[in-house]
Amino acid sequence: MINEWEEFCAYTGTVSYTASRKSDTTWLGRFTFATILEFEGMARILTILARGYLFHGKDGAVIWGDPHDRVDYARRALCAWCSVPEDGKRVQGKEWQFQTDFSELNTEFPELVDADGTGWFLRHVLRAADFMLTHPKKVRSTSLKYAEVIQSKFAAAWRSKVIQYQIPLFSSQTKGAWTLRFDDVLADVLELGPLRREEPELPLELTEKVKEALPKIIPVEVICTLIRYYLANRQDDCEWVVLPVASFDAYFGDTSFSKKYLPKIPPEIMERSSAFGISRYRITEEYLP
1075 MINEWEEFCA YTGTVSYTAS RKSDTTWLGR FTFATILEFE GMARILTILA
1125 RGYLFHGKDG AVIWGDPHDR VDYARRALCA WCSVPEDGKR VQGKEWQFQT
1175 DFSELNTEFP ELVDADGTGW FLRHVLRAAD FMLTHPKKVR STSLKYAEVI
1225 QSKFAAAWRS KVIQYQIPLF SSQTKGAWTL RFDDVLADVL ELGPLRREEP
1275 ELPLELTEKV KEALPKIIPV EVICTLIRYY LANRQDDCEW VVLPVASFDA
1325 YFGDTSFSKK YLPKIPPEIM ERSSAFGISR YRITEEYLP
């Protein structure tokens, strides 16, 4: 969450489909079932991806120059990552029916889409489902129940979502209202700039202070990560920072963060508020370095 380059690599690299015990979700990668089944947190994922391809070379080095000259390249990367093979139902010539099979981008982005048009995300989700069905004893029963649903229904649901992402920003169609689009993502990317690698360090005495103030149910590393994320993202003109809850769940490996830890964080450490569906938080001065 703090080292954004590592986050980018998690969304584009090789996932290890293994598990040492049922609580081990290595095979799920940096995703949760809320992301896979309900597409929660996709705005951040697509933004991280686009920033990586817009501002960085394959070795991670920052590419200087006018980023506007590479916007189309970043858009193609998003299309490749999201690619879904066509289902044969698309009617050619319909303005609102956008392409979802980007197999032609395989040469340009072989790491993101294969020659058959299966993009990185679809490939990963289907492999995760295969892992669950092949190793049911290494997966929680609450997770295993999603495997067959993913195999039978995910591709169609994802195809519909990829169509939505391509709706033009100023589309007169109602389908374009209140949805995430590649245009929105790319606009944010131009403002955010290159991916961050630096991680703020916390003094040992602050870590101990946090540990003493926390209920035993909350791991101290959870709060320390929230503090580091706050320090890395706080703007000079605002003391509030957007809290990407779904992304933090994925970072910690399950939904314990949002369901168990977040509601129990003492208000003297962190304040939260929400408006228009966006959650934000503020670390109190007493718990800042």
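Residue numbers (the working numbering): 1075 to 1363.
For glycine and all other residues, C-beta sits at the position ideal for the given N, C-alpha and C.
Query                                                                                                                         : Result
Buried versus exposed call for Phe1176 [16 or more other C-beta atoms within 10 Å across all chains shown]                    : buried
Glu1182, buried or exposed, once every other Cβ within 10 Å from all chains shown has been counted against 16                 : exposed
Alpha-carbon spacing of Asp1161 relative to Ala1230, whole angstroms                                                          : 8 Å
Arg1346 - partner residues in DSSP beta bridges                                                                               : Tyr1355
8 Å contact criterion, which Leu1179 and Cys1153 should meet: CB distance rounded                                             : 6 Å
Those residues which DSSP pairs with His1142 across a bridge                                                                  : DSSP, once it has assigned bridges, lists no residue as partnering His1142.
Spatial distance of Gly1250 from Thr1121 (CA atoms)                                                                           : Bear in mind that the predicted position of Gly1250 carries a pLDDT of just 49, short of 50, making it unreliable; the figure below should be weighed with that in mind. Cα to Cα, Gly1250 sits roughly 19 Å from Thr1121.
Enclosing alpha helix (DSSP H) for Glu1078 [first to last residue]                                                            : Glu1078 to Thr1086
Burial state of Leu1243, where buried means 16 or more other Cβ atoms lie within 10 Å                                         : exposed
Buried versus exposed, by CB contacts within 10 Å (16 or more), Ala1202                                                       : buried
Chain-order list of residues whose beta-carbon lies under 8 Å from that of Val1284 (same chain, five-residue window excluded) : Val1294, Ile1297, Cys1298, Ile1301, Ile1343 and Tyr1361
Length of the line joining the Cα atoms of Trp1314 and Ile1352                                                                : 12 Å
Sufficient close CB pairs (3 or more, under 8 Å) joining the stretch 1097-1110 to the stretch 1325-1336                       : yes
Glu1279: first and last residue of the uninterrupted alpha helix (DSSP H) it sits in                                          : Leu1278 to Ala1287
Inter-stretch contact at 8 Å, needing at least 3 Cβ pairs: the stretch 1109-1116 / the stretch 1088-1097                      : no
Whole-angstrom distance between Ile1339 and Asn1307, CA atom to CA atom                                                       : 20 Å
Host alpha helix (DSSP H) of Trp1101 (start-end)                                                                              : Segment: none, Trp1101 is in no alpha helix (DSSP H) and carries neither H nor E.
Ser1094 burial status per 10 Å Cβ neighbour count (16 or more: buried)                                                        : exposed
Local conformation of Gln1309 per DSSP, three classes                                                                         : strand
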